Structure formats: C-alpha cells, structure tokens
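The sequence shown runs contiguously to residue 263 in the working numbering. Every residue gets a Cβ at the ideal spot worked out from N, C-alpha and C, and that includes glycine. The structure presented is a predicted model; accordingly, all values stated were derived computationally and were not measured. Please read the structure below before turning to the comments.
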Amino acid sequence: MSAAIELGDITVTWDSPKGAMTVLEGFDLSVEPGSFVAIVGPSGCGKSTILRVLAGLLEPQSGHVEVGGISAIGRPGLCAWMPQHDALLPWRTVEANASLGAEVAGLDKAVARRNAAEILARLGIGEVGDRWPSELSGGMRQRVAVARTLLSPAPVLLLDEPFGALDALTRREVQSWLQQVLDSETAPDGQNRTVLLVTHDVEEALLLAERVIVLSNAPARIVADLHVDFPFPRANSLVADKRFVELRLEVLQALGIE
Ligand SMILES: Nc1ncnc2c1ncn2[C@@H]1O[C@H](COP(=O)(O)OP(=O)(O)O)[C@@H](O)[C@H]1O
Ligand SMILES: [Mg+2]
Numbered sequence: 006m007s008a009a010i011e012l013g014d015i016t017v018t019w020d021s022p023k024g025a026m027t028v029l030e031g032f033d034l035s036v037e038p039g040s041f042v043a044i045v046g047p048s049g050c051g052k053s054t055i056l057r058v059l060a061g062l063l064e065p066q067s068g069h070v071e072v073g074g075i076s077a078i079g080r081p082g083l084c085a086w087m088p089q090h091d092a093l094l095p096w097r098t099v100e101a102n103a104s105l106g107a108e109v110a111g112l113d114k115a116v117a118r119r120n121a122a123e124i125l126a127r128l129g130i131g132e133v134g135d136r137w138p139s140e141l142s143g144g145m146r147q148r149v150a151v152a153r154t155l156l157s158p159a160p161v162l163l164l165d166e167p168f169g170a171l172d173a174l175t176r177r178e179v180q181s182w183l184q185q186v187l188d189s190e191t192a193p194d195g196q197n198r199t200v201l202l203v204t205h206d207v208e209e210a211l212l213l214a215e216r217v218i219v220l221s222n223a224p225a226r227i228v229a230d231l232h233v234d235f236p237f238p239r240a241n242s243l244v245a246d247k248r249f250v251e252l253r254l255e256v257l258q259a260l261g262i263e
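So this is what it looks like as structure tokens:
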C-alpha cells in the first residue's frame, strides 16, 4: 500500500538578517494510511514548516511531497490543515466557520451546516453556533477550528498544536472527543483518516498517537521514532502505566530535557 504522506529529501531555507537559515535539509518522512502520528520537537525546529509543505502552501527548495500518491507541491487542498493560530473568519458565524471546509469541498450547504452544529455540540460548544468568533474565548475558538478541520472531507488531517489554548481539563476532554470522532468515522474505503499532530505536550502525543516522532533543533532531523502500541480508547489513567512512563522518558531524553 502506498504511503498517505511521503516527504523525500526536503530542503527549506529562509533568508534572515543573519544569512540563510536552513530549517529542513534532506528531510524524509513516510506515514502509513490511517495512522495517527504525533510530532514533537523544540520550538522553531520546523514542525509548522513541515505541515505547511504538506498543505501545499510552501514550496520546498528541493525534494518531493506526496499526499495519497499525488504531488502536493503548489497544490493546496489535499490535506485538511489546522494552522497554529486558529484563523477563523470574523465575518462568518461560528457554525459557518465550522462548516467552511466542507462547503468549500462542495458539500451541500444545509448538510454542511447540520454536520457543523452536531460536531460543535460534541465539542461542548453547541450553544455558540450563531455567535461571532470575536465573542469567543481562545479555547472556544480553537474548538471551532478543530471542528472545521474534522468536517473537511480530506483523508489527511494536519493539526498544528490544536489544543494549546485549552485548559488542562478541557484539553483532555477535547482529545478524547477527537479520538471518538475519528474512531466513529467510516470512510468509503473503510480506512480511517491519517492524522499528523504537532504538539508540545509529550503526554498528549503518547495518549493520542500510534507513532511519536521527535525532532532535533533546526535543521530538523528525526532523533526518535517510537511505536506507541496501547489499545484505543485510552484512559486518562494510562499516564501512570509503567510502559507509558518509560515512553515519556524516552521522548524527553530524545528532546534533551531529561
Ligand atoms: N515566513 C518565514 N520567513 C522567515 N523565517 C521563517 C518563516 N517561517 C518560519 N521561519 C523560521 O523557520 C524556523 C522554523 O519555523 P517553524 O516551522 O514555524 O517552527 P516550529 O513550528 O517547529 O516552532 C523558525 O526559525 C522560523 O523563524
Ligand atoms: Mg509551529
């Protein structure tokens, strides 16, 4: 089976006042269809850059990028991308923001709005559908952005620190909602969606993902690539499990924190 995501020999450099800065150099990554992969790494190492390359929004200086076997270079729209800053449209209501990806993809507007209302309710913010983004807290806005990304029909989801603005309790709730929504989906080909999640939170990575990739400082190299084989659904108490604690330590060591 071909990979859902394939990055090969990617180079991205930026011009800065101090000269050219290389963020990615010969970077390779291959992700299997239907898997949930988390990426953790130091701030500024190139995580958001990787997602923007996959989203078709940033052309690398060299290398190849494929999503479902199709080149994503100069071709946005193969993935549903949730940027690090929520990017809600201020002139659309919350519900209209949530349904945007589905509407752009051509889904009937009434159906898209109904789906949006349903998922907003599942995310605990069903009552704010007809409000404006500016009336919402940061955590609520972030949930709307998660809803919008989930409602896009793309087979690959790119989530860039999607829960950063949530308090710890809401964060855990939204994490398990995300897991449930992904589990309850039945794609036409019987395949789950592929998810690439960027996070600072090592526990979040280990609770949600089947594979955790740890990156070095820029230019980002993969310094650890761990298989996380706990079954789903995963309970909160997993964080106290001996194997979980070992994996957590392994990630922290790869990050150079422990
Ligand atoms: N548009 C840009 N112009 C110049 N430098 C950029 C731009 N976008 C990102 N960078 C630089 O590239 C590096 C990696 O950025 P990014 O991928 O956002 O890191 P991360 O998401 O891992 O924190 C950072 O040093 C950042 O300053
Ligand atoms: Mg980032």
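Pick out whichever of the options has its Cα sitting closest to the Cα of residue i.
| i | options | result |
| --- | --- | --- |
| S157 | V116, V233, P22 and A240 | V116 |
| R127 | A103, L202, L63 and G111 | A103 |
| E215 | S21, G24 and A43 | A43 |
| H232 | G144, L243, V256 and A225 | V256 |
| R204 | V186, S189, A170 and Q185 | First, the residue type needs correcting, since residue 204 is Thr and not Arg in the sequence shown. Nearest C-alpha to T204: A170. |
| V58 | G74, S189, G79 and I75 | G79 |
| D165 | P65, T54, G13 and T27 | T54 |
| I75 | Q185, S7 and D234 | S7 |
| R97 | G134, E11 and L63 | G134 |
| S242 | V217, L141 and L211 | L211 |
| W137 | I10, T199, V217 and L94 | L94 |
| R198 | V217, D206, P224 and L155 | L155 |
| G82 | G261, L202, L163 and E11 | L163 |
Between the alpha carbons of residue i and residue j, how many angstroms are there, rounded?
| i | j | result |
| --- | --- | --- |
| A229 | Q89 | 23 Å |
| G299 | P47 | Since the first and last residues shown for the chain are 6 and 263, residue 299 lies out of range. |
| G129 | A77 | 34 Å |
| V3 | L105 | Any answer about residue 3 is impossible in this case: the structure gives the chain only from 6 up to 263. |
| L56 | P236 | 27 Å |
| K52 | F249 | 24 Å |
| C84 | T175 | 26 Å |
| P38 | M145 | 30 Å |
| L125 | S35 | 32 Å |
| V3 | K247 | Shown here, the chain extends from 6 to 263; a query on residue 3 therefore has no answer. |
| S139 | L252 | 40 Å |
| R239 | S221 | 28 Å |
| V186 | A173 | 20 Å |
| F41 | E108 | 25 Å |
| L141 | E132 | 11 Å |
If you measure from the CB of residue i, is any heavy atom of ligand 3 nearer than 7 Å?
| i | result |
| --- | --- |
| W96 | This structure does not include ligand 3; its bound ligands are ligand 1 and ligand 2. |
In chain order, each beta strand (DSSP E) run of at least 3 residues that lies wholly inside the region 33-96: The region 33-96 contains these whole beta strand (DSSP E) runs: 41-45, 67-72 and 84-87.
Ligand 2 site residues, beta-carbon cut 7 Å against heavy atoms: Those residues, listed in chain order, are K52, S53, Q89, D165, E166 and V203.
Segments assigned alpha helix (DSSP H), at least 4 residues, entirely inside the region 129-158: Within the region 129-158, the runs of alpha helix (DSSP H) that reach at least 4 residues and sit entirely inside it are, in chain order, 143-156.
contact_flag[the region 167-182, the region 11-29] where n(CB pairs < 8 Å) is 3 or more: Inter-segment contact for the region 167-182 and the region 11-29 is absent: fewer than three beta-carbon pairs are separated by less than 8 Å.
Contact the region 138-150 vs the region 59-72: 3+ CB pairs below 8 Å: The region 138-150 makes no contact with the region 59-72; the number of CB pairs closer than 8 Å stays below 3.
Start-end ranges of the alpha helix (DSSP H) lying completely within the region 97-123, minimum 4 residues: You should have 99-103 and 105-109.
Runs of alpha helix (DSSP H) lying entirely within the region 197-245, each at least 4 residues, in chain order: You should have 207-213.
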